[in-house]
Amino acid sequence: MFSRSTAQPPLLSRCQTSFVAPRRQRRKLFASWNNFPPGGGGKERLAPRMDGARSGPGPKEATLLDRLRALIAEWFFLARIPALALSHLFERPAMYLSQTSMEGKTAIITGATSGIGLETAKELARRKARVILACRNVEKAKAVAQHIHDEVKQHVVVKKLVLDSLESVREFCDEVNKTEDRLDVLINNAGIINDSTELTYTKDGYEVCFQTNHLSPVLVTLLLLDKLKASAPSRVVNVASDSHLVGDVVRLEEKARGRQTLRTPLSVYANTKLAMCLFSVALAEKIKDTGVTVNALHPGLVQTPIASHGSFLRKILFSLMAHTKGKTAFEGAQTTIRLAVDPSLEKTSGEYFEDCAPADEAYRNPLLMNRALAEEVFRTSARLVGFDHEQLHKVIGKQ
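Numbering (the numbering used here), first residue to last: 1347 to 1745.
Laid out in structure tokens, this is it:
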């Protein structure tokens, strides 16, 4: 069960039974911004990768014109945000209040050392799930695991996963497939946003935000899909963002390599979130008869460390909004928790959720209905992480 209320629910209310309040009729305040063109970048030189191969655009010193163009683009991009904030002005965050147990189930959560990932991990552990924290910083993750154990008296497992390295992703998934008996829930929660207009690149030749937020989660999902199928009914939960509304996935490979994209932190971030939403739609359709569901979600404007990243203008705007109308990390985790736990959603797949319920039309990019585009994003993403047609056929079936 989940509820929305006009009064702030006490923390202990999550342990009580509640009701489902009627969904509100949202005004389409955001709609007027949806047609603003995303734009594209210019030609850039190729730079050698760390292993010597030439792949992807290399960093170059930004000219004054580059910086001015990026700043103007950022202003236009941020101008869309107040309409979204106003639409939530008189609402309290939805809370998932059911006490459904996760005993006997295994859940993997990426990026679980802070923010909504940490709150999700604590809640699933409280429900007696075997929780695996998949994190870059193992020492920090171990401290978090101990904190969770002290709070909910449940053992938590730590495994290393570096999302800006496809090699690390493969090693992580290989270990999980060999050592874990089952996998009931995969939560692709980790995400980053660039601090400046200077794009940076991974050793795999991709823009670091694009690889961390989209390509690596795609690879994690595909490599663990057999384990999820064997544990069905099981779930994939992809933490996205309402920024997908202004994302652009045309020429996806070019964007993954840092070309043909606005050199602004938010535009790059939005592109990754739209790509992940479309991947979710396509994968859900492909595996609809396997017992594995795939859903994406927007957690809301959450007071988490990621809000402190980006341009100076973004930091000012997001800080102001986060501390006036933003959610706490615990509130922001509620939709993730419901998608991971709620028995009534066992057959719900290919959806986009917000505030513990399917999002209203005004808060979905119309491109999510474009099955051909979703298929194109799926195939391109799979190819970029090394999955050829034969490998896809093996894990998914006839393509």
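For glycine and all other residues, C-beta sits at the position ideal for the given N, C-alpha and C.
{"Asked": "Rounded to the nearest angstrom, how far is the Cβ of I1494 from that of T1452, given a contact under 8 Å?", "Found": "With 8 Å as the limit, I1494 and T1452 do not qualify as a contact, their Cβ atoms being about 15 Å apart."}
{"Asked": "With E1700 as the anchor, note down where its beta strand (DSSP E) starts and where it stops.", "Found": "Y1698 to E1700"}
{"Asked": "Can you tell me which of the three DSSP states A1621 falls into?", "Found": "helix"}
{"Asked": "Would you mind stating whether V1582 and L1532 have Cβ atoms separated by less than 8 Å?", "Found": "yes"}
{"Asked": "Measure the C-alpha to C-alpha separation of V1731 and S1562 and round it to an integer number of angstroms.", "Found": "8 Å"}
{"Asked": "Is there contact here, the segment 1492-1507 with the segment 1537-1551, by at least three beta-carbon pairs under 8 Å?", "Found": "no"}
{"Asked": "For V1484, which residues in the same chain have their Cβ closer than 7 Å to its Cβ, ignoring the five residues on either side in sequence?", "Found": "V1504 and K1506"}
{"Asked": "Please report how far the alpha carbon of M1448 lies from the alpha carbon of A1705, in whole angstroms.", "Found": "26 Å"}
{"Asked": "With a threshold of 6 Å on Cβ separation, who are the neighbours of H1590 within its own chain once the five nearest residues in sequence on each side are excluded?", "Found": "K1619, L1620, C1623 and N1711"}
{"Asked": "Measure the Cβ-Cβ separation of P1645 and I1462 and say whether it is below 8 Å.", "Found": "yes"}
{"Asked": "Between the segment 1568-1584 and the segment 1514-1529, do at least 3 Cβ pairs fall closer than 8 Å?", "Found": "yes"}
{"Asked": "How would you call K1740, buried or exposed, if buried means at least 16 neighbouring beta carbons within 10 angstroms?", "Found": "exposed"}
{"Asked": "Is the CB of L1598 under 8 Å away from at least one CB in chain C?", "Found": "The structure shown contains no chain C; it is built from a single protein chain."}
{"Asked": "Going by the CB atoms, is the gap between A1578 and V1638 shorter than 8 Å?", "Found": "yes"}
{"Asked": "Do you know whose CA, among H1735, E1513, F1676 and R1605, lies nearest L1647's CA?", "Found": "F1676"}
{"Asked": "Short of 6 Å in beta carbon distance, which residues of its chain neighbour V1554, apart from the five on each side in sequence? Order them along the chain.", "Found": "D1510, T1546 and T1548"}
{"Asked": "For E1631, which residues in the same chain have their Cβ closer than 7 Å to its Cβ, ignoring the five residues on either side in sequence?", "Found": "G1696"}
{"Asked": "Mind checking who A1642 pairs with in its DSSP beta bridge?", "Found": "N1584 and Y1698"}
{"Asked": "Mind checking whether A1471 and Q1500 have CB atoms under 8 Å apart?", "Found": "yes"}
{"Asked": "Could you name the residues of the same chain whose beta carbon sits closer than 7 Å to that of Y1552, not counting the 5 residues immediately before and after it, in chain order?", "Found": "G1402, L1561, A1602 and R1603"}
{"Asked": "Go to A1480, then tell me how far its beta strand (DSSP E) extends in each direction, as first and last residue.", "Found": "R1476 to C1481"}
{"Asked": "In or out: K1693 buried (at least 16 other Cβ within 10 Å) or exposed?", "Found": "exposed"}
{"Asked": "Which ranges would you report for the beta strand (DSSP E) in the segment 1517-1579 if only whole runs of at least 3 residues count?", "Found": "1531-1534"}
{"Asked": "To which residues of the same chain is I1742 closer than 6 Å at the C-beta, ignoring the five residues directly before and after it?", "Found": "K1632"}
{"Asked": "Excluding the 5 residues preceding and the 5 following D1550 in the sequence, name in chain order all residues of the same chain whose CB lies nearer than 6 Å to its CB.", "Found": "L1512"}
{"Asked": "Hey, out of P1611, A1576, L1443 and N1617, whose CA is closest to R1528's CA?", "Found": "A1576"}
{"Asked": "Can you give me the start and stop residues for the beta strand (DSSP E) that K1693 sits inside?", "Found": "No beta strand (DSSP E) holds K1693; DSSP gives it neither H nor E."}
{"Asked": "Distance, Cα to Cα, A1628 vs A1489?", "Found": "37 Å"}
{"Asked": "Does DSSP classify V1503 as helix, strand or coil?", "Found": "strand"}
{"Asked": "Identify the residues that DSSP records as bridge partners of K1673: which are they?", "Found": "V1648"}
{"Asked": "CA-CA distance, L1719 and T1636?", "Found": "23 Å"}
{"Asked": "Buried or exposed, going by whether 16 or more other CB atoms sit within 10 Å of the CB of G1450?", "Found": "exposed"}
{"Asked": "Run the CB neighbour count on Q1492, radius 10 Å, all protein chains shown included, and call it buried at 16 or more, exposed below.", "Found": "exposed"}
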